[in-house]
Each structure stands twice: as C-alpha cells, then as structure tokens.
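First up is the structure itself, then whatever we jot down about it.
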Amino acid sequence: MSEHIGAASDTLTIEGLSGGYDRFDVIHDIAFRVGAGEAVALLGPNGAGKTTVLRAIMGLLPRRRGRIEIEGSDIAGLPTRRIARGLVGLVPEGRRLFTGQSVEDNLRLGGMHVRRDTARTQELLQSVFDLFPVVERYRAREATALSGGEQQMVAIGRMMMSDPALMLLDEPSLGLAPLAIQDLTKALQRLRGQNRSILLVEQRVDMALEVCDRVYVLSEGRIVDEGRAADIGAEGRALIDAYLG
Ligand code: ATP
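In case it helps, our numbering puts the sequence shown at residues 1276 to 1520.
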C-alpha cells in the first residue's frame, strides 16, 4: 500500500525527524504530512515511538533533529507554550483533566490564551457543545466524575478551546468500553467532518480506518508503511496487524 503523497497546503510537514531521550534515538528519520482538513492516523505497537513523535511536535522532546512545519512555518525552537497557543492542540494519553474542576472550567482552562476575547471564547464553547451535546448537558458537573468516554469528549473539547491549526490525539480509545469507543468514533467522525486537521495516534486499526483519510504505520521508530484508508483492504489490514503484533 506504499505511496508517497505530497501537497503544498499542508497543516503539518515533518522531514528527517530523529530524536529521543538521554543518549538514544527512539525515532529515526521520520517524514510524514497532514494536509489541511485531513485526518491522518499514526498506527504502531507499544513502544514504537508514537507518543515521542507527538512530544517532538509539541516541543517537548529533549533531543531532536529535523524539520517540523505548521502551515509552512518551522516551529523548531519555539517553546511549548507558544506552540500550544493556536498552533497545535494535544489530547494527551489518559486525558489528564483538571480534578476538582467542572466540565466548563476544564473547557475554559483550555482556552486560556483567547480568554480576553469573550466573544471568541463563547463561540468556541458553543462549537464544543454542538459537537458533544453530552458535554453541554454535564457542563456544571465535576469533570473527573464523568464516565471514561464522557471525559474523553471533555478532553477533546478542552483541546478545541485552544483553537489549534493541528489537533493531536494520543490513543483516545485507551481504557474505554466498546460502547464508549463507538460513541468516540462517531464524535471523531463529526470532528473530521468540520475540515479540521487531525493527527490521531492509535493502536486500534479499525477505529483509525473509520475516522481517518490516510494512515502511517510506525514500527521501532520508523515509518514502515503508509496508505489511504479507503484503499486498505483485508490484505493491508493484515499487514498493519502484523506490524502491530
Ligand atoms: P505506547 O503505545 O506504549 O505509548 P508509543 O509508541 O507511544 O508507545 P513511546 O512512548 O513514544 O512509544 O516510546 C518509544 C520509546 O521511547 C520506548 O522504548 C520508551 O521506553 C522510550 N521512552 C519513552 N519516554 C521516555 C522517557 N521519558 N525517557 C526515556 N525513554 C523513554
């Protein structure tokens, strides 16, 4: 299913990205792209380096080389707080909602850098509520008292509040019951339907193929395959499953 796809209007372009922790590289010469309005999955087994790629994009990897561009501008060297201000939003693995805070407070904390613009904040809140009616219904409840699936939607909403050019989601299905995964899949399809640029890190191939336009497979810190979700038949799935072990 290998095919190289390039376009001028990319939200994210990564070239020659290598890096890691301490003295060892855990990702090696990685190149991939997320087009404007495209949902792309980065699939791979435990330890393949998926979270490390996301950390590099957020400016959180201690050591790295290569180019990371958002809408054509190199973000190398920018501090994480600058990257998080409207360039890249992250839904971290495990959601990490603020405890002791209501759903709405969690959302508002995600939109800190637009808070002075109350009209924009209200608009962003409304866009979260439109996408996730359950989040609006429980807006006054304590966020961490919600079910896992509901919390995941709050975490995605909190990320949306920063109004990012690129949305990163790190294994959103992790630890969720099958029904909650179905709801999450539908929610992500609605998000994708809004022409957002999304990079979804997942171990669940079925979910990634339902949500994304294209997939890349990461194994031992290298991109080993890529393709369009619609073109990946049974054979392609078997190949991805083999990589995922
Ligand atoms: P998972 O699905 O388990 O989260 P992953 O594909 O996201 O896996 P990473 O978390 O990126 O993988 O880890 C890639 C490699 O980097 C692993 O070998 C891991 O042990 C190592 N690693 C991750 N974080 C650190 C760290 N803070 N210090 C040192 N090594 C790390």
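Every residue gets a Cβ at the ideal spot worked out from N, C-alpha and C, and that includes glycine.
#### Entry: alpha helix (DSSP H) runs contained entirely in the region 1406-1464, provided each spans 4 or more residues
1408-1412 and 1423-1435
### Message
DSSP three-state label for L1318, please.
### Response
As a first step, residue 1318 must be located in the sequence shown, where it is residue number 43. Reduced to three states, the DSSP call for L1318 is strand.
### Query
So E1290 and A1306 are in contact, right, with Cβ under 8 Å, and what is the actual spacing, rounded?
Counting from 1 along the sequence shown, the entry for residue 1290 is found at position 15. Counting from 1 along the sequence shown, the entry for residue 1306 is found at position 31. The Cβ separation is near 5 Å, so the contact holds.
### Message
At the level of alpha carbons, what is the spacing between R1298 and R1414?
### Response
The residue you call residue 1298 lines up with position 23 of the sequence shown. The residue you call residue 1414 lines up with position 139 of the sequence shown. Cα to Cα, R1298 sits roughly 45 Å from R1414.
### Task
Mind checking which residues open and close the alpha helix (DSSP H) that includes A1517?
Your numbering for residue 1517 matches position 242 in the sequence shown. Run containing A1517: A1509 to L1519, per the alpha helix (DSSP H) assignment.
### Task
Could you check what DSSP says for L1292 in three-state terms: helix, strand or coil?
Taking the sequence shown and counting its residues from 1, one reaches residue 1292 at position 17. Strand at L1292.
### Whole-angstrom distance between S1494 and R1356, CA atom to CA atom
Within the sequence shown, numbered from 1, the residue matching residue 1356 stands at position 81. Within the sequence shown, numbered from 1, the residue matching residue 1494 stands at position 219. Between R1356 and S1494, the C-alpha separation is close to 30 Å.
### Query
DSSP three-state call for S1402: helix, strand or coil?
If you number the sequence shown from 1, residue 1402 lands on position 127. Correct three-state label for S1402: helix.
### Query
With a CB to CB cut of under 8 Å and the five nearest residues on each side skipped, what residues in its chain are close to D1285?
Along the sequence shown, read from residue 1 onward, the residue named residue 1285 stands at position 10. These residues qualify, in order along the chain: R1308, V1309, G1310, A1311, E1344, E1346 and G1347.
### Query
If you draw a straight line from the alpha carbon of V1410 to that of V1492, how long is it in whole angstroms?
On the sequence shown, position 135 is the one that residue 1410 refers to. On the sequence shown, position 217 is the one that residue 1492 refers to. Roughly 32 Å between the two C-alpha positions.
#### Entry: For I1358, three-class secondary structure by DSSP
Numbered from its first residue, the sequence shown carries residue 1358 at position 83. In the structure shown, I1358 sits in a helix (DSSP, three-state: H, G or I).
### Query
When every heavy atom of the ligand NAD is checked, does at least one fall within less than 7 Å of the C-beta of D1481?
The ligand NAD is not part of this structure, which contains only the ligand ATP.
### Task
Assign R1479 to one of three DSSP states: helix, strand, or coil.
Numbered from its first residue, the sequence shown carries residue 1479 at position 204. If DSSP states are grouped into helix, strand and coil, R1479 belongs with coil.
### Message
If you measure between the beta carbons of M1482 and I1456, is that distance less than 8 Å?
### Response
The residue you call residue 1482 lines up with position 207 of the sequence shown. The residue you call residue 1456 lines up with position 181 of the sequence shown. In contact: M1482 and I1456 (Cβ atoms closer than 8 Å).
### Message
Using a Cβ distance threshold of 8 Å, determine whether the region 1462-1471 contacts the region 1496-1507, with at least three qualifying pairs required.
### Response
no
### Query
T1327 and V1476: beta carbons closer than 8 Å?
Position 52 of the sequence shown holds residue 1327. Position 201 of the sequence shown holds residue 1476. The answer is no: Cβ separation not under 8 Å.
### Query
What's the gap between the Cα of P1337 and the Cα of D1458?
Taking the sequence shown and counting its residues from 1, the one referred to as residue 1337 is at position 62. Taking the sequence shown and counting its residues from 1, the one referred to as residue 1458 is at position 183. About 36 Å.
### Query
Taking S1402 as the reference, which of M1387, A1420, L1382 and D1392 has the closest Cα?
Counting from 1 along the sequence shown, the entry for residue 1402 is found at position 127. The residue with the shortest Cα to Cα distance from S1402 is L1382.
### Query
Using a threshold of 7 Å, is the CB atom of N1321 nearer than that to any non-hydrogen atom of the ligand ATP?
Locating residue 1321 in the sequence shown gives position 46, where the first residue counts as 1. Under cutoff, so the answer is yes.
### Query
Between the C-alpha atoms of D1300 and G1294, what's the straight-line distance to the nearest angstrom?
As a first step, residue 1300 is located in the sequence shown; it is residue number 25 there, counting from the start. As a first step, residue 1294 is located in the sequence shown; it is residue number 19 there, counting from the start. Going from the Cα of D1300 to the Cα of G1294 covers about 5 Å.
### Query
Can you list, in chain order, the residues of its chain whose CB lies under 6 Å from that of M1435, leaving out five sequence neighbours each side?
Your numbering for residue 1435 matches position 160 in the sequence shown. Taken in chain order, the residues that qualify are V1403.
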